[in-house]
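Following: one structure in structure tokens, then a few remarks.
There are 4 protein chains.
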Amino acid sequence: VRGPAAEVVADRRDLHAHPETAWTEFRTTARVVQRLRALGYRVRYGREVVREQARMGVPEAAALEAAWERAAAEGADPALLEAMRGGFTGCVGELEGAAGPGPTVALRFDIDALPVTEADAAAGHRPAREGFASRHPGAMHACGHDGHTAMGLGVAAALAAARARMAGRVRLVFQPAEEGTRGAAAMVAAGVLEGVQDLLCVHLGAQSHVSGEVLPGVTGFLATTKLDAEFLGKEAHAGLAPEEGRSALVAAAFAAVGLHALPRHSEGNSRVNVGVLRAGSGRNVVAGQAQLLFELRGETTAVVDYLERQAAAVVAGAAAMYGVEHRLRRAGAAPSASSDPALMALVARVAEATPGVRRVGEPCRAGASDDAATMMAAVQAAGGRATYVIIGSELPSGHHTPRFDIDEAVLPIGVGVLAGTALELLGAHP
Amino acid sequence: VRGPAAEVVADRRDLHAHPETAWTEFRTTARVVQRLRALGYRVRYGREVVREQARMGVPEAAALEAAWERAAAEGADPALLEAMRGGFTGCVGELEGAAGPGPTVALRFDIDALPVTEADAAAGHRPAREGFASRHPGAMHACGHDGHTAMGLGVAAALAAARARMAGRVRLVFQPAEEGTRGAAAMVAAGVLEGVQDLLCVHLGAQSHVSGEVLPGVTGFLATTKLDAEFLGKEAHAGLAPEEGRSALVAAAFAAVGLHALPRHSEGNSRVNVGVLRAGSGRNVVAGQAQLLFELRGETTAVVDYLERQAAAVVAGAAAMYGVEHRLRRAGAAPSASSDPALMALVARVAEATPGVRRVGEPCRAGASDDAATMMAAVQAAGGRATYVIIGSELPSGHHTPRFDIDEAVLPIGVGVLAGTALELLGAHP
Amino acid sequence: VRGPAAEVVADRRDLHAHPETAWTEFRTTARVVQRLRALGYRVRYGREVVREQARMGVPEAAALEAAWERAAAEGADPALLEAMRGGFTGCVGELEGAAGPGPTVALRFDIDALPVTEADAAAGHRPAREGFASRHPGAMHACGHDGHTAMGLGVAAALAAARARMAGRVRLVFQPAEEGTRGAAAMVAAGVLEGVQDLLCVHLGAQSHVSGEVLPGVTGFLATTKLDAEFLGKEAHAGLAPEEGRSALVAAAFAAVGLHALPRHSEGNSRVNVGVLRAGSGRNVVAGQAQLLFELRGETTAVVDYLERQAAAVVAGAAAMYGVEHRLRRAGAAPSASSDPALMALVARVAEATPGVRRVGEPCRAGASDDAATMMAAVQAAGGRATYVIIGSELPSGHHTPRFDIDEAVLPIGVGVLAGTALELLGAHP
Amino acid sequence: VRGPAAEVVADRRDLHAHPETAWTEFRTTARVVQRLRALGYRVRYGREVVREQARMGVPEAAALEAAWERAAAEGADPALLEAMRGGFTGCVGELEGAAGPGPTVALRFDIDALPVTEADAAAGHRPAREGFASRHPGAMHACGHDGHTAMGLGVAAALAAARARMAGRVRLVFQPAEEGTRGAAAMVAAGVLEGVQDLLCVHLGAQSHVSGEVLPGVTGFLATTKLDAEFLGKEAHAGLAPEEGRSALVAAAFAAVGLHALPRHSEGNSRVNVGVLRAGSGRNVVAGQAQLLFELRGETTAVVDYLERQAAAVVAGAAAMYGVEHRLRRAGAAPSASSDPALMALVARVAEATPGVRRVGEPCRAGASDDAATMMAAVQAAGGRATYVIIGSELPSGHHTPRFDIDEAVLPIGVGVLAGTALELLGAHP
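Residue numbers (the working numbering), protein chains in the order written: chain X, 1 to 430; chain Z, 431 to 860; chain W, 861 to 1290; chain A, 1291 to 1720.
Here it is in structure tokens:
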């Protein structure tokens, strides 16, 4: 195979072999910047596209630095790297159409990997068998963002080729830190969506595990907030002086229970999950520190805002019960959002005509949350439209698992549907 | 039977028939005042012997008033009653010896009854069979304080008869509200123990269920604090608007669990008990109010003080978890205390010589708490001595039960041991 | 005023003055039976219409008996009373139309009052001012079921008058124990809805506080289960022998917290409320008994079934934590249900033509639960149709409050809409 | 310095440089065995002195094997190592006196190190400065057991030298896995204390931080049990299907709170500490597993037995609340114990005459727990006597800290007091 399809697969495999987790997508970003520039895009990156204070869930400085140095060692352009140092990954490329004035159409692709250890060839895992498995221990593209990024580059090339017919402009947003809904807000805060009339987001697999199927949109992303609570008590020997201790473990246990007992809300469904609790250093020591990682979700943003206020009270009250200090920090957030019907209709129409598509399905219920909703809600709040396209793909194993893989044959479908829709919006009918 | 023994029994039966619970001992006090005056004692009562702000666990105004009116209807002296209105019960009688200067010896008797419904004759209960059972529904002398008060009057008479030989003075303290350790602090705060060298307290039964036995003292009263916590949340329809409610029930449940989880203390044993929890008005309403009644105990006063500080944090923190207001109020308190060895030795010597005494035992461990400890600790802190004498008595049923009764034959023993010890301390050897 | 409207008001006032709470509607039932018989209905009552084992939340025997004797003293027919003894209230009247075969149309009216103490004239409460306030202390028709029952009698009369034109039959179901969703299941289990094609239920006020407005139906009744949990521990002196106790209070507190922490469900909204917690007898006693009253709700019956299974585990586990025995009992239950569109459309059409109606509104969202849903779901499960009609009424104070009252002027509207709809269904157009 | 004192210091430094944690004391044991044999002791080791099923808190097989291979690489005798493979460390040496029959006197020395990373020279830590700091990363003799073992070898030599005068025999018990009270029970179960009349245990520092001071015994070791609880729930996506999960985290949080809320006991002081709680794998996943490490202590063994029964109920109940499976495993245990007065008196007398001793103090309160109590209680239960001697030592930093060190000058004091006492018991007066 040669041509655009072959290139998308090659890109995907290169990215798959070099997965970078949230806020460390240094090599990935550098490659995207170079490719976009080569195609004639005006490209912004670094602090121009990521507002420092709006980033959530940024790793410790040492982890950022180690990943940055790895990217350098892997040959990423030093000038680009310098601008990204400290976790300012992601980039935005813009291309002005040559056919006169028109709307601004944005397409958004998430680029980060997951802290998952990839399966090996013995497990029958194709990337390992075929030599493009992760070369970064403990990291893996287990959610398909390698494919998303590769499709983004494919779309970039397709649009560049059609530039003469485009009235308006396209803006390609390569977003870091989607996992944990941590990165979109910092890009929105940096203004990357200003002036956008239509926004197209995309996901491989997800609600459709059928290669050749396309779902034109999604409704009902749950709003979510991710929170980290730390408890700082006082250690003491549990046998000799229990009264001198203040158990962060007991405070955290009360908080964990108390969070799950938060009230339901009449405005709609909600979710609470304390997913991780770590406390204490030794059996015979009153635990001096504890940590909770939890998340809240709601059918509407108002429901989550309510839960977040109550959760803050629960954490503070539980700490106060045992004289323990606490700190509560947002580690991620996304609002509720739904695709716009008119835009879904256009996607569906384009998909019907896209080679390789065997079935255009109905919009699906989201059920969960996605950082794309942050961008969708921002565009919609400014009067624009947005949708979230599902490119169906057979999957050997579910998202976020060590044996996850995508059907590479569907990558050109994604490129075709997205580029085709963008061109329609820009009046560039084939 | 006639003479002093008969009188003590008659007094006990009159008091048994008219039990008055904490802070409502209006008729009881009025009778004691009149009897002490008749014997030549200088008597103080009302706000002179009870400091208003130091009272704990005072009933609601309506309950106080109803009991006050009952006492009036039963013929208590209106002038005396007026001074006691609103819960200023108890009195102190003092008698100056005629044999010159000497120490101040105090004897303390508790006078309150319990909110227990007395057994009837069908249950084989002697007070009912013999016609002196409680005439006050829901109240009963089920801890022997009727006997204590009657012994106090017997001691008053015995000492008055020996006044000529007394060097120094006796002070008889009739204390209200012992149950729940609510009354002693208010008498101490009013100064009733000022200048006291030796304090004798007494209890019938308790650690000795053998008539004719006397234990000269007690060690290791547990310090205690009784606390009432109220939680005020916000009611809401649990189906239509759960998010508008703030559940006082959930806050109280967290507090109840949290109190039982208070740390142990290296200085000694402790106890925590949430004995009563009442919350909510209806199944489908988010509970707007809740109440906890609990107590703390400790081997030392420091242990209880520690627990009380922690308990305040637990209650406040649990309330804060769910945005609920709270109020915490002391409903009783007593320190730890132990009898003085020298005073115990004197009591033992006197007891050996007292008619009716068949055995003088060893000092016993308290195990629990008693409001007498408040007075003992106050006298000891000022450099004086104190003991708590157990007058053994066969019991048909345990303290605080509906079939409780005492062996009236031991009342003269108590009078003899207490009056005898006081006279020894005042140099009035027989 | 005279005629049917006056009679409905007179009936409502008589019932308002004699409120009877769940399973004690002896006088109420007796009056309804007599009136229906007088109108020519075939009437069933007692165990024929209430299946003993399916009753939920039945009061203690003594309370049933006291209410039964009160009804006798108020002149209820002894023969009827005998059949109802022990809490077999409610009745069913059936009238065969004379115009040939046709469907069976059922109308359901709930008849029970609430344990609320009614406001007095000083509070400006009209029933008190005009002399028909509750004569039963502590009970009150504070939810409008007096009006429902009176409307039922009005409908009975209207249909009896139109019998000649009716093809098919009407069945009037007077249901006890709606409050707490306790009674409908026992009537369904007794077969009172067998063969019913269409079921009409009714409520005054509720989602419409505008006199003259009618809402033709309701969607989204939440499924619900009401549960009572009892905990039986072991009492012990909290100071002397805490280790001998098993605190039912602590177990109940854990259960209360644990119930509120039950997981959310992906199928739809849910609710949990522990509304009442009562535990313990005294501050210094390890609590020997405790009681929780709680309810679960869900957008679907499956959600509530899930919650009920989990709740049973929470209660059992919390009891086991502290060696406490427990008992869990259903005190009420109702499924989710929604009105049928076609039946709502008919009601709307009839309402448009009913005198006094000024506005026919849209179907409303239920938000909460109702025992009527039990009957609606039973009819729908058997292939029939059902709706729940709201007869708007101005209200001086909300449902279930001491100053609740209805606008009696709307009672004839209710009679008109219900009787009119039934007649349409029976082919008896006016 | 030369002679015995120099040898004890050299031994201590060699052991300090090669610390081995519980059940991995392979090199340590091999050296002790060889030294004892060289002195003429009959030596038992391996499964002869450690009963497999009675071991508590044994590391995972991989950790045992890695430590075993390290010992081999460090030159430990392969034949000895073979017998210890899988965690059968520790040994017992016995020497028959030549002066005829007499009692069996045992001396017990604990040999294990701690999982502590030792301080470096930059921190002014002497072992690092002088070149004998730990060569095993993450392990350190931070409790002085290196000194205990060295003293044991010194005692072995001293007694061998006096063998001719000894009537009876000495038995030297080198115990593994004292930390966490994990090893003594397995040696007792293997019979190593059979026939022992007198048992001497020893600790450096502890309650005396004065070099030259000796405390002849200890009273009031708290009984203790160490327990590990594991919870196995079911993972589920917290947003998409919360109802499919069973949160091990929530169950563990309830258990942690519930354990701290265990009742106090009237027989004496108690302690509860959940020191470590680890639960969950990711924020958005219902936690599938959780682990609690906790310990119970009590003034008497009965108190701890009570707490252990209740703790098992709490853990099981909390797991049952949320349908979670659990496993509870003993990770350590020791009874309460106190030194025998007569034996303490002998130790004191010997100490007074021992060179280097400047002060013989009073027996001290233990406050905490020690695995030695397991052996003391075993000997006492069989009619023998036991004590636990404190050899005072200045300490630059507390026990179990990275800068812990002992004053090596006190090692010969320990050898002198212990060997001297043993010789007195065997009639071998100097």
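Cβ atoms here follow ideal geometry from the backbone N, Cα and C, with glycine treated the same way.
Please read all numbers here as calculations on a predicted model, not as lab measurements.
Residues of the stretch 588-613 of chain Z whose Cβ lies closer than 8 angstroms to any Cβ of chain A: none. Residue 1401/A carries a coil assignment under DSSP once its states are collapsed to helix, strand and coil. The beta carbon of residue 293/X sits closer than 7 angstroms to some beta carbon of chain A. Closest by C-alpha distance to residue 1081/W, out of 972/W, 1102/W, 1157/W, is 1157/W. Among the CB atoms of chain X, none fall inside 7 angstroms of the CB of residue 999/W.
Just measuring C-alpha positions, the residue of 1589/A, 1561/A, 1307/A sitting nearest residue 1410/A is 1307/A.
Under the Cβ distance rule, residue 1613/A counts among the residues neighbouring chain W, one pair being separated by less than 7 angstroms.
With contact defined as three or more Cβ pairs closer than 8 angstroms, the stretch 1419-1432 of chain A and the stretch 1297-1307 of chain A are in contact. Counting C-beta atoms within 10 angstroms of its own C-beta, residue 1560/A has 16 or more neighbours from the protein chains shown and is therefore classed as buried.
Looking at the DSSP output, residue 334/X shares a beta bridge with 224/X. Annotated as distal: residue 1471/A and residue 1369/A, with beta-carbon spacing of 7 angstroms or more. Not one beta carbon of chain A lies nearer than 7 angstroms to the beta carbon of residue 739/Z.
Within the stretch 77-143 of chain X, the runs of beta strand (DSSP E) that reach at least 3 residues and sit entirely inside it are, in chain order, 91-96, 104-110. The contact set of residue 684/Z on chain W, defined by CB atoms closer than 7 angstroms, consists of 1117 in chain order. Following the DSSP letters along the chain, one finds residue 391/X inside the beta strand (DSSP E) bounded by residues 385-391. Under the three-state reduction of DSSP output, residue 45/X falls in the strand class. In the displayed model, residue 1539/A falls within a helix according to three-state DSSP.
Take residue 479/Z, set aside five residues on each side of it, and the residues of its chain with a beta-carbon closer than 7 angstroms to its own are 520, 521, 522, 617, 620, 622, in chain order. Closest in alpha carbon position to residue 997/W, among 926/W, 1032/W, 948/W, 1273/W, is 926/W.
A straight line joining the alpha-carbon of residue 557/Z with that of residue 783/Z spans about 31 angstroms.
Look at residue 833/Z here: in three-state DSSP terms it is coil, with no helix or strand label. Within the same chain, and ignoring the five residues on either side of residue 755/Z in sequence, the residues whose Cβ sits closer than 8 angstroms to its Cβ are 661, 662, 663, 749. Taking one beta carbon from each stretch, the stretch 1454-1471 of chain A and the stretch 1390-1403 of chain A have 3 or more pairs nearer than 8 angstroms; the two touch. DSSP places residue 213/X in the strand class (E or B) of the three-state scheme.
By the neighbour-count criterion, in which 16 or more other beta carbons inside 10 Å mark a residue as buried, residue 363/X falls on the buried side. Around residue 52/X, the same chain offers 88, 186 as residues with beta carbons nearer than 8 angstroms, after the five sequence neighbours per side are excluded.
One finds 1563, 1565, 1585 in chain A with Cβ atoms closer than 7 angstroms to the Cβ of residue 284/X, taken in chain order. Counting the other Cβ atoms within 10 Å of the Cβ of residue 1571/A gives fewer than 16, which makes it exposed. If you draw a straight line from the Cα of residue 1043/W to the Cα of residue 338/X, it is about 43 angstroms long.
When DSSP reads this structure, residue 218/X sits in a beta bridge with 364/X.
Contact annotation: the stretch 1202-1219 of chain W touches the stretch 1229-1249 of chain W, with at least three C-beta pairs closer than 8 angstroms.
Counting only runs of 3 or more residues that sit fully inside the stretch 999-1059 of chain W, the beta strand (DSSP E) segments are 1029-1035, in chain order.
When DSSP states are grouped into helix, strand and coil, residue 1310/A belongs to the coil group.
Here the stretch 1054-1063 of chain W makes no contact with the stretch 1104-1113 of chain W; the two share fewer than three CB pairs at distances below 8 angstroms. Here the alpha carbon of residue 1315/A sits roughly 11 angstroms from the alpha carbon of residue 1376/A. Of the residues 1699/A, 1613/A, 1319/A, the one whose Cα lies closest to the Cα of residue 1462/A is 1319/A.
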